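K.L.:
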Amino acid sequence: CTSDSKACACCLIEQRLHRLETIVNKTLQKLTDDVTSINATLNFINGCNFAFSASFTGCSGPHTVNKTIVYENTFLNYGDAYDTSTGIFTAPKKGVYSFTFTVQVDISFSTTYTKLFTVLEKTGVPIVMTKDTSNIDQDDSSTNSAILHLEPGDTVQVKLVAGSKICGDKNNYNTFSGFLVFPLN
Ligand SMILES: [Ca+2]
Numbered sequence: 005c006t007s008d009s010k011a012c013a014c015c016l017i018e019q020r021l022h023r024l025e026t027i028v029n030k031t032l033q034k035l036t037d038d039v040t041s042i043n044a045t046l047n048f049i050n051g052c053n054f055a056f057s058a059s060f061t062g063c064s065g066p067h068t069v070n071k072t073i074v075y076e077n078t079f080l081n082y083g084d085a086y087d088t089s090t091g092i093f094t095a096p097k098k099g100v101y102s103f104t105f106t107v108q109v110d111i112s113f114s115t116t117y118t119k120l121f122t123v124l125e126k127t128g129v130p131i132v133m134t135k136d137t138s139n140i141d142q143d144d145s146s147t148n149s150a151i152l153h154l155e156p157g158d159t160v161q162v163k164l165v166a167g168s169k170i171c172g173d174k175n176n177y178n179t180f181s182g183f184l185v186f187p188l189n
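Each residue of the sequence shown is one higher than the last, beginning at 5 in our numbering.
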């Protein structure tokens with residue numbers, strides 16, 4: 005630098021440019037990694053649109069065994085995880101899910117039934133039940149709900165307990181609804 009101040013200045017500038025280039029490259033790499041991570045998260049979230057709501061408008065029971073209520077009329081079925089031919093919801097992803105169901109019967113539909121008991125099952129295991137009996141009142145109705153941790157492939161369904169009867173009509177008294185609250189990795 006003592007003999008050639010111009011060359012020395014040039015060298016210092018080059019060193020600074022090199023440091024700047026290193027910082028810019030590291031920042032760009034971090035931004036690229038962040039965008040990749042955000043895109044992966046968005047893809048994961050976009051793949052989690054699971055919600056269904058369905059009604060049962062016919063009559064069923066009394067049966068000698070517990071029988072799945074097939075809510076055949078869907079208001080919506082995002083993700084097609086609920087099967088309208090079987091009445092069974094199958095978890096497509098690991099996560100926390102919310103379910104509600106309401107059941108109803110009018111004594112005018114039958115003079116033979118004595119009760120309306122139902123059970124919501126998770127993969128064959130009873131979770132929550134409803135219970136109403138016909139004494140002097142004309143209508144039996146109940147509701148219940150559950151928030152469940154499900155693994156992929158776990159099933160959720162509502163069963164009419166043996167000896168019970170359920171009846172609905174176009175007013176959709178009998179409904180079964182569920183949705184993914186949040187997914188889990
Ligand atoms: Ca009753």
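Here a beta-carbon is modelled for each residue, glycine too, at the ideal position from N, C-alpha and C.
Given the structure is predicted, the values throughout are model-derived calculations rather than measurements.
I want to check one thing, is the minimum distance from the CB of T137 to the heavy atoms of ligand 1 below 7 Å?
P.N.:
Sequence index remark: in the sequence shown, residue 137 carries index 133 (1-based). Flag set: Cβ of T137 near ligand 1.
K.L.:
Going along the chain, which unbroken runs of the beta strand (DSSP E) with 3 or more residues stay wholly within the stretch 32-117?
P.N.:
Runs found: 55-60, 77-82, 92-94 and 99-110.
K.L.:
Smallest Cα separation from E125: which of Q19, G91, I111 and D136?
P.N.:
Within the sequence shown, numbered from 1, the residue matching residue 125 stands at position 121. It is G91 whose Cα lies nearest to the Cα of E125.
K.L.:
Just checking my contact of T179 with S57 at CB under 8 Å: how many whole Å lie between their CB atoms?
P.N.:
Stepping through the sequence shown from its first residue, residue 179 is reached at position 175. Stepping through the sequence shown from its first residue, residue 57 is reached at position 53. Yes, they are in contact, since the Cβ atoms of T179 and S57 sit about 7 Å apart, within 8 Å.
K.L.:
According to the neighbour-count rule (16 or more other Cβ atoms, all chains shown, within 10 Å of its Cβ), is A11 buried or exposed?
P.N.:
Numbered from its first residue, the sequence shown carries residue 11 at position 7. Exposed, because fewer than 16 other Cβ atoms sit within 10 Å of the Cβ of A11.
K.L.:
What does a CB cutoff of less than 7 Å around E155 pick up in its chain, not counting 5 residues either side in sequence?
P.N.:
For the purposes of this step, residue 155 is taken as residue 151 along the sequence shown, with counting starting at 1. Excluding residues within five positions, the ones whose Cβ falls inside 7 Å are A95 and K98.
K.L.:
To the nearest angstrom, report how far apart N175 and C63 are at their CA atoms.
P.N.:
In the sequence shown, the residue the question calls residue 175 occupies position 171. In the sequence shown, the residue the question calls residue 63 occupies position 59. The straight-line gap from Cα to Cα measures roughly 13 Å.
K.L.:
Taking the straight line between their C-alpha atoms, what separation do you get for N29 and L21?
P.N.:
Here residue 29 refers to the residue found at position 25 when the sequence shown is read from its first residue. Here residue 21 refers to the residue found at position 17 when the sequence shown is read from its first residue. Their Cα atoms are separated by approximately 12 Å.
K.L.:
Three-state secondary structure (DSSP) at I17?
P.N.:
Stepping through the sequence shown from its first residue, residue 17 is reached at position 13. Correct three-state label for I17: helix.
K.L.:
With a cut-off of 8 Å, do at least 3 Cβ pairs link the stretch 157-169 to the stretch 66-73?
P.N.:
Enough Cβ pairs lie closer than 8 Å, so yes.
K.L.:
Give the C-beta separation of T147 and T127 to the nearest angstrom, bearing in mind that I take them to be a contact with Cβ-Cβ under 8 Å.
P.N.:
Here residue 147 is taken as the residue at index 143 of the sequence shown, counted from 1. Here residue 127 is taken as the residue at index 123 of the sequence shown, counted from 1. Not a contact, Cβ separation roughly 22 Å.
K.L.:
My parser needs the beta strand (DSSP E) runs of 3 or more residues fully inside the stretch 124-183; what are they?
P.N.:
Taking only runs of at least 3 residues, the beta strand (DSSP E) segments lying wholly in the stretch 124-183 are 129-137, 143-154 and 159-164.
K.L.:
Specify the secondary structure class of L24 as computed by DSSP and reduced to three states.
P.N.:
Counting from 1 along the sequence shown, the entry for residue 24 is found at position 20. Looking at L24 - three-state DSSP - the assignment turns out to be helix.
K.L.:
Could you compute how far the alpha carbon of I151 sits from the alpha carbon of I140?
P.N.:
Against the sequence shown, residue 151 aligns to sequence position 147. Against the sequence shown, residue 140 aligns to sequence position 136. Whole-angstrom Cα-Cα distance: 34 Å.
K.L.:
Can you tell which of T137, F183, L188 and P187 has its C-alpha closest to the C-alpha of A55?
P.N.:
Residue mapping note: residue 55 aligns to position 51 of the sequence shown, counting from 1. The option with the nearest alpha carbon to A55 is F183.
K.L.:
Can you give the Cα-Cα distance for L120 and S41, rounded to whole angstroms?
P.N.:
For the purposes of this step, residue 120 is taken as the residue at position 116 of the sequence shown. For the purposes of this step, residue 41 is taken as the residue at position 37 of the sequence shown. Cα-Cα distance, rounded: 51 Å.
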